[in-house]
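Quick notes on the structure that follows.
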Amino acid sequence: MIITENLTKVYGEVKAVEDLNLEVRPGEIFGFLGPNGAGKTTTIRILTTLTKPTSGYAWINDFDVLREPHKVRDLFGVVQQHISLDRDLSVRENMELHARLHHLKLSERRQRIAELLDYVELAEQANHIVDKLSGGMKRRLMIARALIHRPKLLFLDEPTVGLDAQTRRRLWELIRRMNLDGTTVLLTTHYIEEAEALCGRVGIIHLGHLIALGSPLELRQRLGLVTVETLSNNNRDTNYHYFPDRTAATNYAQGLPSDVKTIIVRESNLEDIFVELTGRKVGDD
Amino acid sequence: MVDILVDSYSVLWEDLRVLRHLWQRFLITSLVSPVLYLVAFGWGLGRSIHVEGAPSYLEFVIPGIIALTAMTSSFSGAGMKLNVDRLYYKCFDECLMSPINPPSLIIGKALIGVVRGLISSTAFLIIGFIISPTLMLSPLFAAVLLLTCFTFAFLGVLAALLAKSHQDMATFTSLVLLPMTFLGGTFFSVSQLPQALKVVLHILPLTHSSQCLRAITLGQPFPWISLLAIVGFGLVFFLGCILVLRRTSV
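So the sequence lines, in the order shown, correspond to chains A and B. Just so we're aligned, residue 30 is where the first sequence starts under this note's numbering, counting upward by one. Just so we're aligned, residue 7 is where the second sequence starts under this note's numbering, counting upward by one.
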C-alpha cells in the first residue's frame with residue numbers, strides 16, 4: 030500500500046527524516062511510534078503531498094507520490110494532529126465541503142454524509158456549529174470527513190492526543206472497525222498503549238531514523254518478554270533486565286544480592302524497547 | 007474549463023457558507039471606513055475644493071472611494087481568512103490534500119474576495135447614488151469593478167500564501183495597501199501631479215481602477231490602457247499565487 034525508499038527531509042540543518050525505508054501492507058494498522066519531533070508528522074506530510082521531500086521516493090498503491098500527486102490524493106484520507114475543521118461551519122457543512130472537494134455527486138454526497146455521521150455517532154449534532162463541539166466529537170467528525178470518498182488508506186496523525194481515557198477508547202474501537210471494513214491505517218502516536226492496542230506492526234522512529242520494525246510481540250521477543258526492574262544506589266537508579274520468560278526472570282530476581290531491591294517483575298512493553306534503543310522515554314521531548 | 011469552474015466553486019462554497027453565517031457583521035464593518043472617508047473628505051475637507059472636470063469634489067471622490075472599497079474588501083476578504091485557515095487552523099491543508107488542481111484552488115480562494123468586494127462596493131455605490139444621483143453608470147463600470155475585485159483578491163491570496171505569520175499580513179497591509187489608499191488617486195487627481203510622481207503612482211493598481219471608474223461616472227473619455235493595466239496586474243498576481251503554491255507543496 031505504501032512504500033518509501035530512502036525518504037529524507039532536511040529543514041535547514043535539521044534532518045527531520047533520514048533515509049526512511051518503509052512498507053505498509055494492505056489491510057494492516059501500522060503504527061509509527063516515537064516522541065514529539067521524531068519525524069512522524071513530517072513523514073505523513075510527505076506521503077499526503079503537503080511537503081516535498083529533500084530526496085528519496087514514495088509510492089502509494091504504485092503511484093509515485095511526487096510525480097502523480099493528483100492520483101494519490103483520491104486514495105487516502107487524513108486526520109491531522111490539530112483540529113483542521115472549519116469552525117464557523119456546521120458538522121454537515123464540513124462534511125459537504127469535503128465531499129465537494131472530492132467530486133462526489135449530490136445524491137452520493139447526501140447518502141455518504143448521513144451514513145458517516147451515523148457511523149461516528151454525530152447524526153444528532155449534524156447542524157451544530159463545529160466550534161461548539163467537544164474535543165472527542167471534533168476528532169470523530171475529522172475521521173468521518175476523512176472517510177467520505179471511501180479512501181483505501183487512512184492516515185491518523187496522533188488521533189487521540191489531548192483526549193480523556195474514555196473518549197480515547199471509543200476512538201480506538203472506531204479505528205478497529207474501519208480497519209475491519211477494509212481500510213488500511215497508518216497511525217502515528219507517542220502513546221505506547223495506543224500502539225500496542227491497535228497496531229499489527231509498529232515502526233519505532235527516533236531523530237528521523239527508523240530504529241525498529243515488527244509486530245509488538247516480535248519486538249518484545251527480541252528484547253525479552255519479561256522485564257525485571259531493580260533499584261540500586263540507595264533507590265536512586267532504576268535498572269531494567271530482560272528475560273525470555275517468567276521463570277528465567279523470577280530465578281534472576283531471587284538470586285539478587287540482598288542490598289538490591291526488586292521492584293517488579295512484569296511483561297515487557299514497547300516503551301522498554303524504545304528506552305533500550307534510545308536511552309530515552311517515548312514521552313520525553 | 008468546466009472542471010476548473012466546478013472545482014473553484016467547490017472551494018468558494020466553504021467561504022460562501024461562512025459569509026452566510028456572518029453576513030450582517032461583514033456588511034456593517036466593511037462600510038465603516040468608506041462612509042468615514044466620504045464624510046471626512048467628501049463633505050468635510052472637500053467642500054471648498056474644486057476639481058477640474060467634476061461638478062463637485064463629492065462627485066469626484068465617490069468613484070475613488072468605490073475603487074478603494076473594492077480593493078480593501080477584496081484583498082482582506084480573500085487574504086485574511088486564508089491566512090488564518092493556512093497558519094492557525096491549518097484547514098487550508100485539507101484543500102491542498104484534495105484532488106483540486108492549483109489554478110482552481112487559487113481562483114476558488116480569490117472568488118470569496120471578489121464576492122465580498124462586490125457586495126461592499128455595491129452597497130457603497132448605493133449610498134453614493136443616493137447622495138449624488140447624477141453619477142453615470144454603465145456595463146463598463148460593472149466590468150471595471152469586477153476586474154478590480156479579481157485583481158485585489160488575487161493579491162490577497164498571494165499575500166496570505168507568502169505570509170509566515172499573522173503579523174506578516176498586517177505588515178503587508180501597512181506597507182502596500184495603506185499607501186495605495188492615500189496615493190492611488192482616490193482623493194486627488196493624479197493627472198495634476200509632476201510627471202515623475204505620476205509615473206510612480208501608476209505603478210499602483212488602485213490608481214488605474216480609480217481613473218477608470220471616475221472616467222465613467224463623470225462621463226470623461228475612458229482610459230483603456232488603465233483597464234489593460236488592471237488585467238495585467240491581476241494576471242501577475244494570479245501567476246504569483248500559482249508559483250508560490252508549486253514551490254511549497256507537491
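Beta carbons: idealized from backbone N, C-alpha and C, even for Gly. Predicted model only: the values in this text are computed from it and were never measured.
According to the DSSP assignment, Asn35 of chain A belongs to the beta strand (DSSP E) that extends over 31-40. Within the same chain, Cβ atoms closer than 6 Å to the Cβ of Phe178 of chain B are found at Ala165, the five residues on either side in sequence being excluded.
Beta-carbon to beta-carbon, His172 of chain B and Leu93 of chain B are separated by about 7 Å, close enough to satisfy the 8 Å threshold. Contact between the region 56-68 of chain A and the region 220-233 of chain A is present, with at least three C-beta pairs closer than 8 Å. Take the alpha-carbon of Asp93 of chain A and the one of Thr254 of chain B: they are about 18 Å apart. Contact annotation: the region 192-199 of chain B does not touch the region 116-126 of chain B, with fewer than three C-beta pairs closer than 8 Å. Following the DSSP letters along the chain, one finds Glu258 of chain A inside the beta strand (DSSP E) bounded by residues 255-261. With respect to chain A, the C-beta atom of Arg23 of chain B has a partner C-beta closer than 7 Å. Within the region 94-107 of chain B, the residues whose Cβ lies closer than 8 Å to some Cβ of chain A are Tyr95, Lys96, Cys97, Asp99, Glu100, Cys101, Leu102, Met103, Ser104, Pro105, Ile106, Asn107, listed in chain order.
By a beta-carbon distance limit of 8 Å, Thr37 of chain A does not contact Val43 of chain A. Their separation comes to about 12 Å. Judged by their CB atoms, Glu122 of chain A and Arg31 of chain B are not nearer to each other than the 7 Å cut-off.
Look at Ser16 of chain B: its C-beta is under 7 Å from a C-beta on chain A. According to the DSSP assignment, Trp88 of chain A belongs to the beta strand (DSSP E) that extends over 84-89. Of the other Cβ atoms in all chains shown, fewer than 16 fall within 10 Å of the Cβ of Pro185 of chain B; this residue is therefore exposed. Relative to Thr212 of chain A, the option among A:Ala87, A:Val107, A:His99, A:Arg138 whose CA is nearest is A:Val107. Under the DSSP assignment, Thr213 of chain A falls in the beta strand (DSSP E) whose first and last residues are 213-218.
DSSP places Glu47 of chain A in the uninterrupted beta strand (DSSP E) bounded by 43-53. Leaving aside the five residues that flank Tyr148 of chain A on each side, the residues in its chain whose CB is nearer than 7 Å to its CB run, in chain order, Ala173.
When CB distances to chain A are screened at a threshold of 8 Å, the residues of the region 19-46 of chain B falling below it are Trp19, Glu20, Arg23, Val24, His27, Leu28, in chain order. DSSP lists no beta-bridge partner residue for Leu117 of chain B. Taking Thr189 of chain A as the centre and dropping the five residues before and after it, the same chain places the C-beta of Arg168, Thr196, Arg197, Leu200, Trp201, Thr218, Tyr220, Glu223 closer than 8 Å to its C-beta, in chain order. In the three-state scheme derived from DSSP, where H, G and I count as helix and E and B as strand, Thr80 of chain A is classed as coil. Not a single CB atom of chain A sits nearer than 7 Å to the CB of Ser232 of chain B.
Here DSSP, grouped into helix, strand and coil, assigns Arg197 of chain A to helix. Leu176 of chain A has its alpha-carbon roughly 8 Å from the corresponding atom of Leu145 of chain A.
DSSP places Ala84 of chain B inside the alpha helix (DSSP H), whose first and last residues are 63-93. Taking the Cα positions, Leu248 of chain A is about 58 Å away from Phe156 of chain B. The Cβ atoms of Val257 of chain A and Ala282 of chain A lie closer than 7 Å to each other. Contact check between the region 214-225 of chain B and the region 64-72 of chain B: three or more CB pairs, one atom from each, fall below 8 Å, which counts as touching. In this structure, Ile106 of chain B keeps its C-beta atom at 7 Å or more from the C-beta atom of Asp21 of chain B. Among the CB atoms of chain B, none fall inside 7 Å of the CB of His157 of chain A.
With three or more CB-CB distances shorter than 8 Å, the region 98-118 of chain A counts as touching the region 178-185 of chain A.
Contact check for Val206 of chain B and Ile133 of chain B: beta-carbon distance about 32 Å, past the 8 Å limit, so the pair fails to qualify. Interface annotation, Ser79 of chain B: not in contact with chain A, CB-CB separation never under 7 Å. Per the coordinates, the alpha-carbon of Ser197 of chain B lies some 14 Å from the alpha-carbon of Pro227 of chain B. Residue pairing by DSSP places Ala241 of chain A opposite A:Ile233 in a beta bridge.
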